[in-house]
Structure formats: structure tokens, C-alpha cells
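Number of protein chains: 2
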Amino acid sequence: MGELREWELLEELGRKVSGCGDDCAVLPFAGTQLLLTTDLLHQASDFPPGTTPYTMGWRAVAASLSDIAAMAGRPLAVVMAASAPDWEGLFPELLAGAQAACRLVGTELVGGDLDFSEELFLVSSALGEADRPVRRAGAQPGDCLFVTGPLGSTHLALRLFSQGKSARANELFRFVPRVTEGLLLAGEATSMIDLSDSLAHSLHLLSRASRVGFVVHPEKIPLVPGVELEEAIYFGEDYELLFTARPGALPPGPWTEIGQVVEEPGVWLSQQGKLRKVPDRGWEHGP
Amino acid sequence: MGELREWELLEELGRKVSGCGDDCAVLPFAGTQLLLTTDLLHQASDFPPGTTPYTMGWRAVAASLSDIAAMAGRPLAVVMAASAPDWEGLFPELLAGAQAACRLVGTELVGGDLDFSEELFLVSSALGEADRPVRRAGAQPGDCLFVTGPLGSTHLALRLFSQGKSARANELFRFVPRVTEGLLLAGEATSMIDLSDSLAHSLHLLSRASRVGFVVHPEKIPLVPGVELEEAIYFGEDYELLFTARPGALPPGPWTEIGQVVEEPGVWLSQQGKLRKVPDRGWEHGP
């Protein structure tokens, strides 16, 4: 999938497009901030054989809603552009999945565009609002590092798809965008990102945006049963929120502390009293 | 391109997605209305050989901005998701084209998503605002019918592309979204749509939404030099605005009166004192 090249391109886009570089664009409007984001998913990269149209529609929309969640935003509306070789039978189920994901977080699919193409493409764009958007920049040395849930669900789902265990794999693929958690963290989290990329890459993105480093305690990383630590660190597409907060600032909630923010930029695992550098990479280039 | 099937799907989408059925979704927010729209363009359908990456980026973004214009909206921001086999050399030019189209109408590209796929796909989503959005419903018998400019530029561009005259074809492809005209028409136009589809289909959409009919005077339809009347009526993708207004309500402006609104739903050409029914179709199914 050429993940590194995609990352490089996205960083180039970030340099050329002002305001780009968070999970959503932030637009001051009528005394608040509007959030706007778009996500492209397509058959070859994102939907292994066995993925149902319902799951595809759900996942496409949920990916954008996760970006709204990652800025502590409230979703206002979603539109979806979709293209497929043949819509016969596909359209109602795909639409139902997209609408279900929207309703789950209190928003609605309000429009779209449809076309025909050899490969199936789904592009969802979400609009949101945030009084106090949380950005990738803002983590400070001494802050604690958290995730909102166990990592590895997408990695496990892909394994199950490849074993033909599609029912369970589809369930895992239909993740819940962490909108409620994001809203709870408005004004509390000092920096935030969703784990659409790997934990490793996401930490490096936070590190570069906040100009700080992270020491992660691997034994504290919550894992989906059946997933290994390295898979959880380098795989990604889990759509949990990764965020920082001042020590003691957060009440107990649906999150797990997994590390600390340090001054020196970079990412380390603390294992058996030693620090091991975590490279900025995804699974394709993994061990 | 299976236009009729696409239209049927879009109408099915309109029935299943509440609020869908105008050029943009309309979202009441903070005492005004936000507009949200998304458009998908891809190589096989939308970019003939000879189309430059700059033109592709321009046209993708301009298609969404035209939807904002068609609701008498002011664009606030655009995001673009894009996928291509290889971004080498393509990316900077495509981005420059997209940014130029945004700037032309006073807005900005604020973010995007990038990926790799066999076919090139561009999906732009635009956010706008309208105090007084103009919808497809609202035309009344006795109103006059207008277009903002000559029809046939895309048809002519495709002919020029096929003749290898790419420079002029690219120019024609980089249309100006009629945002200024749309804003002038806020509070004046009684119904409006952009001509992303053919004049024939767009009139039928207005007819169904407003429950009225249209009598068009073909000799009044402004044509791009070199384009025949039938081509202008059935081809589409011209992105001019088609709208109605009370007689005498509009000052002279960048628009041409081409017909009247009548009570009986349907679309007719008035030729040599006779009315000829205009079928609801595009060029592929044309004479």
C-alpha cells in the first residue's frame, strides 16, 4: 500500500495547504470552530474479500467521524461519494451501514454522489463543530499518554478475513468512532489524534506537532485478545483516540494510561528498565 | 457512463436520505444555513487523454463550488480526497489547480486525503454558507427561466481533446464556478440548479422539485460557438446556473432569459409556434 509514500505525500500536502496537519481542518465560524475532514477508502486497500457492503458503508463513514472525534468535535453531518462496478444489490446495504454509523454518534448522512468504476471507492466527508478543538500540537513534558481502547482489532479482523471467518471479522471492522470520549476530553486533553495510522506513526506525528517525545510502557498497552504487541504498535487502523493530559487532570474514564511525555522529541518503549527507540513506520515495513 | 442509471440511483438516494435532493445539503446552524456537498470525478468518465493534472484538480474542486453557487451560497472551505497510480509529478500540479479554483471564488483548500489506486479518482467536498439558500423547489408559473452563460463548453472541449487540441480543450475544461452570480441571485431566484447534468435533465429535475413545467425558446439559448442546439440541450457538464425569477424582478446581469415557467409539469421547446416535448435524457441516449 506504499504507506510511507502516502505519509510523505500527506506531510507535503500539510506543508502546502495552510491549516492542514490535524485530523480535521479547523474553521472559525460564528463564534465557534467548524471541523471538516475527508477520507478515501477503496477495495484494493481497505476492503478484503468477505467485507459486506454494510460494513464498507459503516467503515467509510466511521473513518471520518473518528477524525471529528479526534479533535473533541461534535459531528454535524456526513456526505459520501461512492463509485462501484455495479450498484445492483450493493447500494441499499452500503447506505444502511453508512446511516447506522452516523446515527450511532448522533449525526446523519445528508447527501452524496454516485458513479460507476472498475474498483469500488468510498469517500466520506464529515462536518463537525468544536468549542475547544484539541490538536496534535499541545502535549507538554510531564503530561500522561492515554488510549481509549484496546489496539489490534483491525489486524485481527484481517487475519479472520483471510481465514474465511467473515462474520466476526465484519463485526471487528465496524468500529465505533470515539465521539463520546472525544467530547469528554474537550478542555482536558492537551493533544490528540486518532489511530487511523499505527500507534508508532501516530506517536511520531504527535511528537513532531508538539515538539516533545513519548516513553511508552508496553505492558500497559491494552491489546485485543489474540494480537501481539508488535502488531498493535505497527499495524494501525484501530481508530481509538491517542491523547495526552496533565497528570491527575482526568477523572477515571474509558481510557488507559500507557506512557509519559518527555522533552526530547522521539518515541521510546520502556522495557526491562531500558529505552528502545520506536521507528516511524507501519506494518508493511515491519519485523 | 450509464447516466440514466446514475440518475436513478441519485433519485433513490434522495428518497432514502432526508434533505437530499438539492445541489447541497442545507444544515441550519448558528442562525444561518451551512451547505455541504461532495463530487466524485474519475479518469475513465471525466478526464479524457490530454487533460492536464492542473485542469483535473481545478475541475474537481470547481464541480463542488458550483453546487455551492447553485444554492446562492458563499464557499467557506474545500477538502479533496485523491487517489492515483503514481503521484510523481502529478501531485504539485493537481494541487495548484485545485488551489487556483478555490482562490478564484475567495475560498481555500483546507485539507485532504491521498492514496494509490489503478484509476485516478478525485473527490472534492465543499462547505458553504447561505443566508437565503435557493433550492430546486420554488419556481412558480409565470416566472422567467434564465441561464448564466453559453452552453456547450464541455461538449466542445471533448471534441477538441479528441482532435488533439488539448491546450484550448483544457482552457474550456477549467470553468469558473458561478459563485458571484449565485450570490447576486440570493433572495431573487425562486429556484436554481447548476448544469452539471444536461439542460434537459436539469429542467426535469427543477420541474419535479417545483411541480411546474418549462417552455424553452431554443433561439434564446446562448451557445458556445461551434456547438449545435441539440448538443447544448442534451450534453451537460457546463456548470452554468439555471434558475427562475419573477418577471421584472432581476436587474440586467450576467444571465440570459431562455423561457417561462408554466403550470403543467414537463419540459417543452417552443419552435415555429409549436411545442416539442424535451425528454429527460443525456447525450449518450441522444439523437
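Those sequence lines, one after another, are chains A and B.
Count along the first sequence from 1, then add 7; that gives the number in our numbering.
Count along the second sequence from 1, then add 7; that gives the number in our numbering.
Glycine included, C-beta positions come from ideal geometry on N, C-alpha and C.
Per the coordinates, the alpha-carbon of L48/B lies some 15 Å from the alpha-carbon of T45/A.
In the displayed model, T161/A falls within a helix according to three-state DSSP. Taking a C-beta cut-off of 8 Å against chain A, the contacting residues of the segment 85 to 97 of chain B are V86, M87, A88, A89, S90, W94, listed in chain order.
By the CB criterion at 8 Å, V86/A and L43/B fall inside the cutoff.
Cβ atoms of A108/A and A32/B stay farther apart than 8 Å, at about 17 Å.
The beta carbons of D204/A and G243/A sit closer together than 8 Å.
With the rule of 3 Cβ pairs closer than 8 Å, the segment 239 to 255 of chain B counts as touching the segment 185 to 193 of chain B. Around the beta carbon of L282/B, fewer than 16 other beta carbons lie within 10 angstroms, which makes this residue exposed. Three or more beta-carbon pairs separated by less than 8 Å are not found between the segment 169 to 186 of chain A and the segment 121 to 130 of chain A, which leaves the two stretches without contact. According to DSSP, residue pairing for K281/A in a beta bridge involves Q278/A.
Residues of the segment 33 to 44 of chain A that bring their beta carbon within less than 8 Å of a beta carbon in chain B comprise L34, F36, A37, G38, T39, L41, L43, T44, in sequence order. About 18 Å separates the Cβ atoms of A89/B and L134/B, ruling out a contact at the 8 Å cut-off. H211/B carries a helical assignment under DSSP once its states are collapsed to helix, strand and coil.
Inter-residue distance for A252/B and P258/B is about 11 Å (C-alpha atoms, whole angstroms). Residue-level contact check: D138/B does not touch chain A, since none of the beta carbons of chain A fall below 8 Å from its beta carbon.
Scanning the segment 109 to 169 of chain A from its first residue to its last, the whole beta strand (DSSP E) runs of 3-plus residues come out as 116 to 123, 128 to 137, 151 to 154.
Taking C-beta atoms as the reference points, W65/B and R181/B count as a pair closer than 8 Å.
For M199/A, no alpha helix (DSSP H) segment is defined; the enclosing uninterrupted segment is the beta strand (DSSP E) at 196 to 201. Runs of the alpha helix (DSSP H) lying entirely within the segment 23 to 83 of chain A, each at least 4 residues long, are 50 to 53, 60 to 76 in chain order. Positions of the alpha helix (DSSP H) runs, each at least 4 residues long and wholly inside the segment 218 to 293 of chain A, are given as 236 to 241 in order along the chain.
Around the beta carbon of P140/A, a 10 Å sphere encloses 16 or more other beta carbons of the protein chains shown; the residue is thus reported as buried. With a threshold of 8 Å between beta carbons, A108/B makes no contact with chain A. Classified as exposed, Q278/B has fewer than 16 neighbouring CB atoms from the shown chains inside 10 Å of its CB. Listed along the chain, the chain A residues whose CB falls inside 7 Å of the CB of K227/B amount to none; the nearest CB is some 31 Å away.
Taking the Cα of L152/A as reference, the smallest distance to any Cα among L116/A, M199/A, Y61/A, T62/A is reached at M199/A. The beta carbon of F128/B sits closer than 8 Å to some beta carbon of chain A.
Distance from the CA of A146/A to the CA of G38/B, rounded to the nearest whole angstrom, comes to 35 Å. Distances from the alpha-carbon of L276/A to those of E270/A, P286/A, W290/A, V222/A put V222/A closest. If you draw a straight line from the Cα of A144/A to the Cα of T197/A, it comes to about 8 Å.
Residues of the segment 219 to 246 of chain B with a Cβ closer than 7 Å to any Cβ of chain A: none.
Just so you know, the alpha carbons of F98/B and L213/A end up roughly 25 Å apart. Here the alpha carbon of G21/B sits roughly 5 Å from the alpha carbon of G28/B. Our two residues, P148/B and L167/B, have alpha carbons roughly 40 Å apart in a direct line.
By the criterion of a C-beta distance shorter than 7 Å, L102/A is surrounded in its chain by G64, once the five residues flanking it on both sides are discounted.
In the three-state reduction of the DSSP assignment, V183/B falls in the coil class, being assigned neither a helical nor a strand state.
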